[in-house]
Amino acid sequence: MKEAREAADEIINLLTRSKGTPPKLQNQTILTILNASKELFMKEPNILELRTPINVVGDIHGQFPDLMTVFQDGEFPPNSRYLFLGDYVDRGTQSLEVICLLFALKVRYPNHMFLLRGNHETKEMTEEYGFAVECSSKQNKATYMEFINVFDTLPLAALINNSYFCVHGGLTPDLHDLEQIRALPRPTQIQEHGFLADLVWSDPAKDVEDFAPSERGLTVKWGQKPAQQFMEANNLTKIIRAHQMAEEGIEYPFAPDYSVITVFSAPWYAGEFKNKGGFLKIDKNNHIDPIMIKHNDKAPPVTFAQYVPNKNEGKGKGKGGKEGKKGKRK
(Lines of atoms letter the chains of each structure in order from A; the text may use other names.)
(Lines give C-alpha, C1' and ligand atoms only; values in the text may rest on other atoms or scores of the structure.)
Protein backbone atom coordinates (compact mmCIF):
# COMPACT_ATOMS: atom_id res chain seq x y z
CA MET A 1 0.00 0.00 0.00
CA LYS A 2 3.01 2.26 0.53
CA GLU A 3 3.72 2.17 -3.22
CA ALA A 4 0.11 3.16 -3.92
CA ARG A 5 0.24 6.05 -1.44
CA GLU A 6 3.44 7.30 -3.03
CA ALA A 7 1.84 7.09 -6.48
CA ALA A 8 -1.20 8.95 -5.16
CA ASP A 9 0.99 11.70 -3.69
CA GLU A 10 2.84 12.02 -7.00
CA ILE A 11 -0.38 12.47 -8.98
CA ILE A 12 -1.93 14.84 -6.44
CA ASN A 13 1.17 17.03 -6.32
CA LEU A 14 1.61 17.13 -10.09
CA LEU A 15 -2.02 17.95 -10.86
CA THR A 16 -2.79 20.39 -8.07
CA ARG A 17 0.44 22.38 -8.18
CA SER A 18 0.83 22.77 -11.92
CA LYS A 19 -0.05 26.02 -13.65
CA GLY A 20 -1.69 25.90 -17.03
CA THR A 21 -1.85 22.57 -18.82
CA PRO A 22 -1.39 19.67 -16.36
CA PRO A 23 1.82 17.67 -16.93
CA LYS A 24 1.84 14.22 -18.48
CA LEU A 25 1.41 11.49 -15.89
CA GLN A 26 3.63 8.42 -15.84
CA ASN A 27 1.83 5.33 -17.05
CA GLN A 28 3.05 3.06 -14.26
CA THR A 29 1.92 5.60 -11.68
CA ILE A 30 -1.58 5.58 -13.17
CA LEU A 31 -1.70 1.78 -13.24
CA THR A 32 -0.66 1.64 -9.60
CA ILE A 33 -3.50 4.00 -8.67
CA LEU A 34 -5.99 2.00 -10.74
CA ASN A 35 -5.09 -1.25 -9.01
CA ALA A 36 -5.26 0.33 -5.56
CA SER A 37 -8.54 2.16 -6.16
CA LYS A 38 -10.14 -0.99 -7.56
CA GLU A 39 -9.27 -2.84 -4.37
CA LEU A 40 -10.76 -0.04 -2.28
CA PHE A 41 -13.99 0.12 -4.28
CA MET A 42 -14.47 -3.63 -4.06
CA LYS A 43 -14.21 -3.46 -0.28
CA GLU A 44 -17.05 -0.95 -0.19
CA PRO A 45 -20.74 -1.94 -0.32
CA ASN A 46 -23.05 -1.16 -3.22
CA ILE A 47 -24.71 1.47 -1.02
CA LEU A 48 -22.21 3.54 0.94
CA GLU A 49 -23.31 4.53 4.43
CA LEU A 50 -21.84 7.95 5.12
CA ARG A 51 -21.96 10.50 7.91
CA THR A 52 -21.88 14.27 7.87
CA PRO A 53 -20.31 16.73 7.43
CA ILE A 54 -19.78 15.98 3.75
CA ASN A 55 -19.79 17.77 0.38
CA VAL A 56 -21.83 16.26 -2.47
CA VAL A 57 -20.65 16.92 -6.04
CA GLY A 58 -22.43 16.26 -9.33
CA ASP A 59 -21.21 15.80 -12.92
CA ILE A 60 -17.67 17.03 -13.69
CA HIS A 61 -17.30 15.76 -17.28
CA GLY A 62 -13.58 16.30 -17.74
CA GLN A 63 -13.60 19.97 -16.69
CA PHE A 64 -10.47 19.84 -14.55
CA PRO A 65 -10.20 23.56 -13.64
CA ASP A 66 -13.80 23.49 -12.42
CA LEU A 67 -13.03 20.44 -10.28
CA MET A 68 -10.21 22.45 -8.74
CA THR A 69 -12.68 25.24 -8.01
CA VAL A 70 -14.89 22.76 -6.16
CA PHE A 71 -11.95 21.71 -4.00
CA GLN A 72 -10.91 25.31 -3.40
CA ASP A 73 -14.42 26.29 -2.31
CA GLY A 74 -15.07 23.13 -0.31
CA GLU A 75 -11.48 22.57 0.91
CA PHE A 76 -9.22 19.77 -0.22
CA PRO A 77 -9.28 16.38 1.46
CA PRO A 78 -8.55 15.56 4.22
CA ASN A 79 -9.91 18.90 5.46
CA SER A 80 -13.30 17.99 3.97
CA ARG A 81 -15.08 14.80 2.99
CA TYR A 82 -16.63 14.33 -0.45
CA LEU A 83 -19.23 12.22 -2.20
CA PHE A 84 -19.10 12.42 -6.00
CA LEU A 85 -22.19 11.25 -7.88
CA GLY A 86 -20.58 10.10 -11.14
CA ASP A 87 -19.93 11.31 -14.70
CA TYR A 88 -16.30 12.23 -14.17
CA VAL A 89 -15.25 11.76 -17.79
CA ASP A 90 -16.30 12.58 -21.38
CA ARG A 91 -17.05 15.84 -23.17
CA GLY A 92 -14.35 17.90 -21.46
CA THR A 93 -10.77 17.61 -22.70
CA GLN A 94 -9.19 16.79 -19.33
CA SER A 95 -11.11 13.70 -18.33
CA LEU A 96 -7.89 11.78 -17.70
CA GLU A 97 -6.65 14.40 -15.26
CA VAL A 98 -10.03 14.56 -13.51
CA ILE A 99 -10.34 10.82 -12.97
CA CYS A 100 -6.68 10.37 -12.03
CA LEU A 101 -6.93 13.08 -9.37
CA LEU A 102 -10.15 11.64 -7.96
CA PHE A 103 -8.77 8.10 -7.83
CA ALA A 104 -5.49 9.34 -6.32
CA LEU A 105 -7.40 11.21 -3.61
CA LYS A 106 -9.42 8.06 -2.96
CA VAL A 107 -6.24 6.04 -2.48
CA ARG A 108 -4.60 8.72 -0.32
CA TYR A 109 -7.67 9.58 1.77
CA PRO A 110 -10.02 6.59 1.49
CA ASN A 111 -12.25 7.74 4.36
CA HIS A 112 -12.64 11.24 2.93
CA MET A 113 -13.33 10.50 -0.76
CA PHE A 114 -16.30 8.50 -2.01
CA LEU A 115 -17.22 8.00 -5.66
CA LEU A 116 -20.38 6.60 -7.23
CA ARG A 117 -20.89 5.34 -10.74
CA GLY A 118 -22.52 7.51 -13.39
CA ASN A 119 -23.91 6.59 -16.78
CA HIS A 120 -20.65 7.72 -18.42
CA GLU A 121 -18.51 5.27 -16.48
CA THR A 122 -18.98 2.59 -19.14
CA LYS A 123 -17.07 1.40 -22.18
CA GLU A 124 -19.92 2.24 -24.55
CA MET A 125 -20.33 5.85 -23.40
CA THR A 126 -16.62 6.62 -23.16
CA GLU A 127 -16.08 5.29 -26.67
CA GLU A 128 -18.77 7.62 -27.97
CA TYR A 129 -18.14 10.77 -25.95
CA GLY A 130 -14.42 11.23 -25.71
CA PHE A 131 -12.62 9.52 -22.85
CA ALA A 132 -11.58 6.46 -24.85
CA VAL A 133 -9.77 8.51 -27.47
CA GLU A 134 -8.39 10.99 -24.93
CA CYS A 135 -6.98 8.28 -22.66
CA SER A 136 -5.59 6.23 -25.54
CA SER A 137 -3.94 9.36 -26.95
CA LYS A 138 -2.44 10.59 -23.68
CA GLN A 139 -1.57 7.08 -22.44
CA ASN A 140 -2.55 3.94 -24.38
CA LYS A 141 -5.53 1.71 -25.07
CA ALA A 142 -4.51 -0.89 -22.49
CA THR A 143 -4.61 1.79 -19.78
CA TYR A 144 -8.02 2.90 -21.00
CA MET A 145 -9.30 -0.66 -20.59
CA GLU A 146 -7.95 -0.71 -17.04
CA PHE A 147 -10.06 2.38 -16.32
CA ILE A 148 -13.12 0.54 -17.65
CA ASN A 149 -12.38 -2.37 -15.32
CA VAL A 150 -12.24 0.02 -12.37
CA PHE A 151 -15.46 1.74 -13.45
CA ASP A 152 -17.20 -1.63 -13.20
CA THR A 153 -16.30 -1.75 -9.49
CA LEU A 154 -17.67 1.66 -8.46
CA PRO A 155 -20.38 1.74 -5.75
CA LEU A 156 -23.89 2.50 -7.00
CA ALA A 157 -25.54 4.65 -4.34
CA ALA A 158 -25.05 6.20 -0.91
CA LEU A 159 -27.01 6.97 2.23
CA ILE A 160 -26.07 10.05 4.20
CA ASN A 161 -27.04 9.76 7.88
CA ASN A 162 -29.60 7.15 6.78
CA SER A 163 -31.75 10.05 5.56
CA TYR A 164 -30.52 11.21 2.16
CA PHE A 165 -30.44 8.73 -0.74
CA CYS A 166 -27.74 9.64 -3.28
CA VAL A 167 -27.49 8.17 -6.77
CA HIS A 168 -26.41 9.36 -10.20
CA GLY A 169 -29.71 9.16 -12.09
CA GLY A 170 -32.65 8.15 -9.97
CA LEU A 171 -35.47 5.73 -9.48
CA THR A 172 -36.77 2.74 -11.38
CA PRO A 173 -40.23 1.15 -11.27
CA ASP A 174 -38.54 -2.09 -10.16
CA LEU A 175 -36.94 -0.51 -7.07
CA HIS A 176 -38.91 -0.85 -3.85
CA ASP A 177 -36.35 -1.71 -1.21
CA LEU A 178 -32.73 -0.67 -0.76
CA GLU A 179 -31.81 -4.32 -0.32
CA GLN A 180 -32.38 -4.74 -4.05
CA ILE A 181 -29.43 -2.43 -4.72
CA ARG A 182 -27.31 -4.08 -2.04
CA ALA A 183 -27.90 -7.45 -3.71
CA LEU A 184 -26.61 -6.41 -7.16
CA PRO A 185 -23.38 -8.11 -8.27
CA ARG A 186 -20.22 -6.06 -8.60
CA PRO A 187 -18.02 -5.71 -10.67
CA THR A 188 -20.75 -5.29 -13.23
CA GLN A 189 -21.42 -3.76 -16.61
CA ILE A 190 -24.41 -1.50 -17.16
CA GLN A 191 -26.80 -2.99 -19.68
CA GLU A 192 -28.91 -0.89 -22.04
CA HIS A 193 -32.06 -1.29 -19.99
CA GLY A 194 -33.25 -2.57 -16.66
CA PHE A 195 -32.80 -1.94 -12.97
CA LEU A 196 -29.17 -0.80 -12.91
CA ALA A 197 -29.53 1.23 -16.10
CA ASP A 198 -32.37 3.22 -14.55
CA LEU A 199 -30.30 3.98 -11.44
CA VAL A 200 -27.76 5.84 -13.57
CA TRP A 201 -29.99 7.05 -16.43
CA SER A 202 -33.46 8.00 -15.17
CA ASP A 203 -34.69 11.54 -14.48
CA PRO A 204 -37.37 13.26 -12.37
CA ALA A 205 -40.13 15.01 -14.29
CA LYS A 206 -42.75 17.33 -12.82
CA ASP A 207 -45.27 16.53 -15.57
CA VAL A 208 -45.19 12.79 -14.82
CA GLU A 209 -47.47 11.32 -12.16
CA ASP A 210 -45.85 7.92 -11.79
CA PHE A 211 -43.32 6.51 -14.29
CA ALA A 212 -43.21 7.23 -18.02
CA PRO A 213 -40.91 6.49 -20.96
CA SER A 214 -38.03 8.94 -21.22
CA GLU A 215 -36.98 10.99 -24.22
CA ARG A 216 -33.53 9.55 -23.56
CA GLY A 217 -34.77 6.22 -24.87
CA LEU A 218 -34.34 3.02 -22.90
CA THR A 219 -35.01 4.45 -19.45
CA VAL A 220 -37.77 6.21 -17.54
CA LYS A 221 -38.91 9.49 -16.07
CA TRP A 222 -40.36 9.48 -12.58
CA GLY A 223 -42.76 11.84 -10.87
CA GLN A 224 -43.09 13.22 -7.37
CA LYS A 225 -45.51 10.47 -6.31
CA PRO A 226 -43.10 7.51 -6.71
CA ALA A 227 -40.32 9.64 -5.21
CA GLN A 228 -42.39 10.23 -2.07
CA GLN A 229 -43.43 6.58 -1.93
CA PHE A 230 -39.81 5.44 -2.20
CA MET A 231 -38.69 7.83 0.53
CA GLU A 232 -41.51 6.85 2.87
CA ALA A 233 -40.92 3.12 2.34
CA ASN A 234 -37.22 3.48 3.16
CA ASN A 235 -37.42 6.16 5.90
CA LEU A 236 -35.68 8.76 3.75
CA THR A 237 -36.18 12.51 3.59
CA LYS A 238 -34.33 13.44 0.38
CA ILE A 239 -33.12 12.09 -2.94
CA ILE A 240 -29.91 13.75 -4.14
CA ARG A 241 -28.91 13.01 -7.72
CA ALA A 242 -26.94 14.44 -10.66
CA HIS A 243 -27.14 13.54 -14.37
CA GLN A 244 -28.99 16.62 -15.70
CA MET A 245 -27.61 20.06 -16.38
CA ALA A 246 -29.02 22.57 -13.91
CA GLU A 247 -28.98 26.20 -15.04
CA GLU A 248 -28.07 27.42 -11.54
CA GLY A 249 -25.96 24.40 -10.64
CA ILE A 250 -28.60 23.18 -8.18
CA GLU A 251 -32.18 22.39 -9.15
CA TYR A 252 -35.31 21.23 -7.32
CA PRO A 253 -37.33 19.41 -10.00
CA PHE A 254 -40.51 19.22 -7.90
CA ALA A 255 -40.33 22.73 -6.40
CA PRO A 256 -41.89 24.05 -4.21
CA ASP A 257 -41.20 20.59 -2.78
CA TYR A 258 -37.47 20.37 -2.04
CA SER A 259 -37.09 16.70 -1.24
CA VAL A 260 -35.45 15.90 -4.61
CA ILE A 261 -32.28 17.78 -5.52
CA THR A 262 -30.30 17.75 -8.77
CA VAL A 263 -26.62 18.68 -8.44
CA PHE A 264 -24.57 19.60 -11.52
CA SER A 265 -20.97 20.69 -10.99
CA ALA A 266 -19.78 21.46 -14.54
CA PRO A 267 -20.38 25.17 -15.27
CA TRP A 268 -20.38 26.26 -18.92
CA TYR A 269 -21.06 22.62 -19.64
CA ALA A 270 -19.14 21.24 -22.64
CA GLY A 271 -18.40 24.80 -23.74
CA GLU A 272 -21.94 25.03 -25.12
CA PHE A 273 -24.10 26.19 -22.22
CA LYS A 274 -23.83 29.20 -19.92
CA ASN A 275 -25.01 27.31 -16.87
CA LYS A 276 -23.55 27.71 -13.41
CA GLY A 277 -22.17 24.83 -11.41
CA GLY A 278 -22.92 23.84 -7.87
CA PHE A 279 -22.33 21.39 -5.06
CA LEU A 280 -23.87 20.76 -1.65
CA LYS A 281 -22.31 21.26 1.74
CA ILE A 282 -24.11 19.15 4.32
CA ASP A 283 -23.21 19.94 7.92
CA LYS A 284 -23.25 17.65 10.96
CA ASN A 285 -26.90 18.56 11.61
CA ASN A 286 -27.97 17.48 8.09
CA HIS A 287 -28.44 21.11 7.00
CA ILE A 288 -27.82 21.51 3.27
CA ASP A 289 -26.03 24.60 1.99
CA PRO A 290 -26.01 24.92 -1.84
CA ILE A 291 -22.70 26.34 -3.09
CA MET A 292 -22.63 27.98 -6.52
CA ILE A 293 -19.43 27.83 -8.57
CA LYS A 294 -18.62 29.98 -11.56
CA HIS A 295 -16.78 28.65 -14.56
CA ASN A 296 -13.01 28.80 -14.22
CA ASP A 297 -12.14 31.04 -17.15
CA LYS A 298 -8.54 29.84 -17.02
CA ALA A 299 -9.72 26.52 -18.35
CA PRO A 300 -8.55 25.59 -21.84
CA PRO A 301 -11.26 25.90 -24.47
CA VAL A 302 -13.33 22.78 -24.83
CA THR A 303 -12.44 21.28 -28.20
CA PHE A 304 -14.53 18.19 -27.86
CA ALA A 305 -14.21 17.26 -31.52
CA GLN A 306 -10.47 16.67 -31.21
CA TYR A 307 -11.19 13.52 -29.22
CA VAL A 308 -14.41 12.28 -30.78
CA PRO A 309 -14.50 11.39 -34.47
CA ASN A 310 -18.32 11.21 -34.50
CA LYS A 311 -19.37 14.18 -36.61
CA ASN A 312 -23.04 13.78 -35.66
CA GLU A 313 -22.44 13.82 -31.90
CA GLY A 314 -24.44 16.98 -31.33
CA LYS A 315 -27.60 15.63 -32.91
CA GLY A 316 -30.53 14.50 -30.85
CA LYS A 317 -29.67 16.30 -27.62
CA GLY A 318 -32.49 16.43 -25.15
CA LYS A 319 -33.14 18.78 -22.28
CA GLY A 320 -29.96 19.96 -20.68
CA GLY A 321 -27.84 18.96 -23.64
CA LYS A 322 -27.40 15.43 -22.38
CA GLU A 323 -26.47 12.83 -24.89
CA GLY A 324 -28.43 10.21 -26.71
CA LYS A 325 -27.38 6.60 -26.42
CA LYS A 326 -27.15 4.95 -29.81
CA GLY A 327 -29.38 7.75 -31.04
CA LYS A 328 -32.06 6.99 -28.45
CA ARG A 329 -31.07 8.08 -25.00
CA LYS A 330 -30.63 11.81 -24.67
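Residue numbering for the sequence shown follows the UniProt record's numbering, beginning at 1 and increasing consecutively.
Virtual Cβ for every residue (Gly too), placed ideally from N, Cα, C.
According to DSSP, residues forming a beta bridge with residue i
| i | result |
| --- | --- |
| I250 | V263 |
| K239 | Here residue 239 turns out to be Ile, not Lys, going by the sequence shown. Paired residues: F165 and V260. |
| F41 | F41 is not bridged to any residue. |
| P290 | L280 |
| I160 | L50 and Y164 |
Buried or exposed (CB count within 10 angstroms, at least 16 for buried), residue i
| i | result |
| --- | --- |
| P213 | exposed |
| Y258 | exposed |
| T303 | Low confidence applies to T303: its pLDDT is 40, below 50, so where it sits in the model is not reliable, and the reading given next is rough at best. The residue in question, T303, is exposed, as its Cβ has fewer than 16 Cβ neighbours within 10 Å. |
| E134 | buried |
| D207 | exposed |
| P185 | exposed |
| N46 | buried |
| M245 | buried |
| H176 | exposed |
| A183 | exposed |
| D283 | exposed |
| S202 | buried |
| S18 | exposed |
| H168 | buried |
| M113 | buried |
| G92 | buried |
| N235 | exposed |
Under the three-state DSSP convention, the category residue i falls into
| i | result |
| --- | --- |
| K106 | helix |
| M245 | coil |
| A255 | coil |
| G170 | coil |
| V56 | strand |
| residue 375 | Here the chain covers residues 1 to 330 and nothing more, so residue 375 does not appear. |
| P65 | helix |
| D9 | helix |
| L83 | strand |
| D73 | helix |
| S214 | strand |
| G277 | strand |
| L184 | coil |
| I30 | helix |
| A205 | coil |
| L116 | coil |
| D283 | coil |
| E49 | strand |
| F304 | Caution applies to F304, whose pLDDT of 37 falls short of 50 and renders its modelled position unreliable; the model cannot decide the point. |
| K2 | helix |
| D198 | helix |
Whole-angstrom C-beta distance between residue j and residue i, which should lie under 8 Å
| i | j | result |
| --- | --- | --- |
| P77 | R117 | Not really, about 20 Å apart at Cβ, beyond 8 Å. |
| R241 | L85 | 7 Å |
| P256 | A227 | So it is not a contact: roughly 14 Å between Cβ atoms. |
| V107 | A8 | 4 Å |
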